[in-house]
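K.L.:
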Amino acid sequence: MTGPGRSALTRHALVTALVASLLAGLVMAGSWWYARDAARAQAERVARHVGAAVLVPLAQRDYAAGALDRDVLLTDVAPFLRSGIVDRVKVWTVTAGTARVAFSDEARIEGVTAAYDPTWQRRFTDGDLRAMTVPRDAEHRFENGLAGMRMEVFLPFHDAGGAAATLEVYVPVDVGRTTRDAAAMLLAVVLAGVAVLAVATLPLTLALARRGERRRREERAVRTRGLAAAELARRELAQRLHDDVIPDLAGISLLLQAVRARGRAADDVPWELLDQADGRLSGDVARLRGLLDELVPPVGDLAAALRDTVDRLPADAPDVRLRVDLPPDALTGETQRLLGRVAGELLRNAVTHAAATTVDVTVELGTVDVTVGLGTAGAVVLTVADDGTGFDAGRGRRTGHIGLQLVHRVVEDGGGHVDLTSAPGAGTTVTVTVPVAAAPPPADAGHVTPVTRARPGRGAVRR
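Going left to right, the sequence shown walks through residues 184 to 646 as this note's numbering numbers them.
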C-alpha cells in the first residue's frame, strides 16, 4: 500500500477510535444518569412497601407521651432490617420547634435533634415520597459508616397524639453496578455499530485519499511547470532564432559581401551604404548569437549554472557577488536543477523589483548577494539578499510576484521551506532550505573554498 493509502488508513482508524471513545463516554454518562434515576425509583418503591407494613403500627404510639417500648417497635421493622431491604429506620417528631429522633434501630441516634427549618417542614407535611442521596455530614455518620450506597426516603404520618411525625427509611442501592450493566449492554451495540460503519466507509476513505493525492500530484506538476515555463519559452525562442532569423540575416550579409566583391569598381553603386548595412547585419547576427547563448544556457553543475545566470544579467543590473560553498557531488542532479531554477527566479526578482537604481539611493545600493552552501541536518541552503527598497513582509507578498509564489510552492513540494525577510528601505533576503537526498559522500568529498564572483566591469557604486 502506498504512503497516501497508509496515511488514509491511519486517519480513518484515529477518527474511528475518536468517535468510539466519544460515544462510549456518552453511553457511560447516560448509563450513570439512568442508574441514578433507577436507584431513586427503587428506593421510593421499597419505601412504599415498608410504609404499607409499618406505618399503621407506628402511628398507634404517642411519641411525645414518654418512654417507648423499643422492643415492640423493633419487632415491626426487624423483618425489613434482617432481609437487607432497608439499612436503617428513624422516626422523627417535632417538639417546641425542634425535630427529634424518637425511635431508631440504632439506639445511639435516639434523642438527636435538628433545627425545624422549611426543609424539615416539607418532610413532615408533604405527602409525596422523596428519595435523596444520604448526605456526607455528622448527622448521618452512622449511616455513612455502613458499607455500600443508600438513599433516604421520608414518609410523613401522625402519631396517636395527633402530632406530625415522619418515618425515615434508608434503602440500599447500587448505582455503580446498574451503570456497569446498562453500559455493557449499550456499549456492545454502539461499538459494533461504529465498527460496521468504519468498515463500510473504508473504501470511500481510500478512494478520497487516492483522489486527493492525485490532485496534489497534478498541482505539484503544474507548479513545477510554472517555473519551467520561462525556460521552455526561452528555448523555443532560441530555436526559432537558430532556425529562421539568424540564418536569414547571415544569408543577407553574405549576399551583400558577394555584391561588393563583384562590382566594387562601379561608380553608380552606393558602396558606403552597402558597407554600413553589412556592418550592421554582422553586428546584429553577433548579438543574436549572444542572445541565443543566453536563452539556452549550457548544462553544468549548480555553480556553473549560477555563474552563467549572473553573467547574462543586463548591463545596468546591480553588482552581484556569487559564493558557492559545496563539496563535490554533494547534490543530486534533481536538486541542482531545482536550486538552479529557484536561484535564477529569485535573482531575476531581485534585479527587476528591488529598484536598486532609484534616484534616492546612491552608494549603498545596487548589491545582490547569492550564497549556496550545505546547512545542518543534511540540507542545502540558498540565500538571495538584496539591499533594495524592500517591502512590508508582514502584509504578505507583493501583488504580481507570481515567480516568488511559485518558488514557495515548488520548494515546499521538494520537502524544503522558504523564509523571507524584508522591510521598507531595508532590502529583502530570501533563504531557501532544501533537504539533500541521502547518499554516501564521494571519496574525495571535502570542503571547497568559497568562490566569490563579481560581475566584470561593474562596481558596487553607480551614479
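We treat Cβ as the ideally placed atom computed from N, Cα and C, and that holds for glycine.
This one's a predicted model, so the numbers in the text were calculated from it and none came from an experiment.
Taking 8 Å as the cut-off, decide whether the C-beta atoms of Asp570 and Gly610 are in contact.
P.N.:
Yes, the Cβ-Cβ distance between Asp570 and Gly610 is below 8 Å.
K.L.:
Quick one: residues in its chain with C-beta nearer than 6 Å to the C-beta of Thr361, no 5 flanking neighbours on either side, listed in chain order?
P.N.:
Excluding residues within five positions, the ones whose Cβ falls inside 6 Å are Ala218 and Ala221.
K.L.:
Measuring CB to CB, does Met332 end up less than 8 Å from Val354?
P.N.:
Cβ atoms of Met332 and Val354: not closer than 8 Å.
K.L.:
When you compare each of Leu201, Ala568, Gln519 and Ala488 to Asp502 by their alpha carbons, which one comes out closest?
P.N.:
Out of Leu201, Ala568, Gln519 and Ala488, Ala568 has the C-alpha closest to the C-alpha of Asp502.
K.L.:
Whether or not the stretch 251 to 261 and the stretch 373 to 393 are in contact is what I'm after, with contact meaning three or more pairs of Cβ atoms, one per stretch, closer than 8 Å; do they touch?
P.N.:
In short, these stretches do not touch, since the Cβ pair count stays below three.
K.L.:
Flag this pair as yes or no: are the beta carbons of Val680 and Val358 separated by less than 8 Å?
P.N.:
The structure shown has nothing for residue 680, since the chain only spans 184 to 646.
K.L.:
Would Arg271 pass as a contact of Asp259 if the rule is Cβ separation under 8 Å?
P.N.:
Cβ distance not < 8 Å, so Arg271 and Asp259 don't count as in contact.
K.L.:
From Asp484 to Thr384, what does the alpha carbon distance come to, in whole angstroms?
P.N.:
Straight-line Cα distance between these residues: approximately 50 Å.
K.L.:
Report the three-state DSSP secondary structure of Tyr217 (helix, strand or coil).
P.N.:
Helix.
K.L.:
Three or more C-beta pairs under 8 Å: does that hold for the stretch 516 to 525 against the stretch 586 to 596?
P.N.:
Result yes; three or more Cβ-Cβ pairs closer than 8 Å.
K.L.:
For Asp259, which three-state DSSP category applies?
P.N.:
Here Asp259 sits in helix by DSSP.
K.L.:
Reducing DSSP to helix, strand and coil, say where Val377 ends up.
P.N.:
Three-state DSSP puts Val377 in a helix.
K.L.:
Quick one: Cα of Ala500 to Cα of Thr535, how far?
P.N.:
One C-alpha to the other measures close to 8 Å.
K.L.:
Here's the rule I'm using: 16 or more other beta-carbon atoms within 10 Å means buried, otherwise exposed. How should Ala196 be labelled?
P.N.:
Ala196 is exposed by the Cβ-count criterion.
K.L.:
Along the chain, where does the alpha helix (DSSP H) containing Phe325 start, and where does it finish?
P.N.:
Note, Phe325: alpha helix (DSSP H), Arg324 to Asn327.
K.L.:
Taking Cβ positions, are Arg244 and Ala346 nearer each other than 8 Å?
P.N.:
Not a contact, by the Cβ cut-off of 8 Å.
K.L.:
Whole angstroms is fine: what's the gap from Val229's alpha carbon to Leu389's?
P.N.:
About 57 Å.
K.L.:
Would a C-beta distance cut-off of 8 Å place Leu167 and Leu350 closer than the cut-off?
P.N.:
Look at the range of the chain in this structure, 184 to 646, and you will see that residue 167 is not part of it.
K.L.:
Taking the alpha helix (DSSP H) that Asp491 belongs to, which residues open and close that run?
P.N.:
It spans Leu485 to Asp494 - the alpha helix (DSSP H) in which Asp491 sits, taken as one unbroken run.
K.L.:
Pull up the DSSP beta-bridge partners for Val372, would you.
P.N.:
DSSP, once it has assigned bridges, lists no residue as partnering Val372.
K.L.:
Rounding to the nearest angstrom, what Cα-Cα distance links Glu326 and Arg319 in this structure?
P.N.:
Roughly 9 Å separates the two Cα atoms.
K.L.:
Beta strand (DSSP E) containing Val269: first to last residue?
P.N.:
That residue, Val269, is in no beta strand (DSSP E); it is neither H nor E in DSSP.
K.L.:
Write down the C-beta distance between Thr612 and Thr566 rounded to the nearest angstrom, noting that I regard them as a contact closer than 8 Å.
P.N.:
At roughly 7 Å, the Cβ-Cβ gap stays under 8 Å, so Thr612 and Thr566 are in contact.
K.L.:
Going by Cα to Cα distance, which pick from His600, Val619 and Val382 is closest to Ala562?
P.N.:
The option with the nearest alpha carbon to Ala562 is Val619.
K.L.:
Would you kindly report the start and end of the unbroken beta strand (DSSP E) that includes Thr566?
P.N.:
First-last of the beta strand (DSSP E) with Thr566: Ala562 to Asp569.
K.L.:
Just to confirm, is the Cβ distance from Thr278 to Ala247 under 8 Å?
P.N.:
It is a contact, given that the beta carbons lie within the stated cut-off.
K.L.:
Please state whether DSSP places Leu420 in a helix, a strand or coil.
P.N.:
Helix.
K.L.:
Determine the DSSP secondary structure at Ala394, reduced to helix, strand or coil.
P.N.:
A small fix is needed here, since residue 394 is Arg in this sequence, not Ala. Note: Arg394 maps to helix in three-state DSSP.
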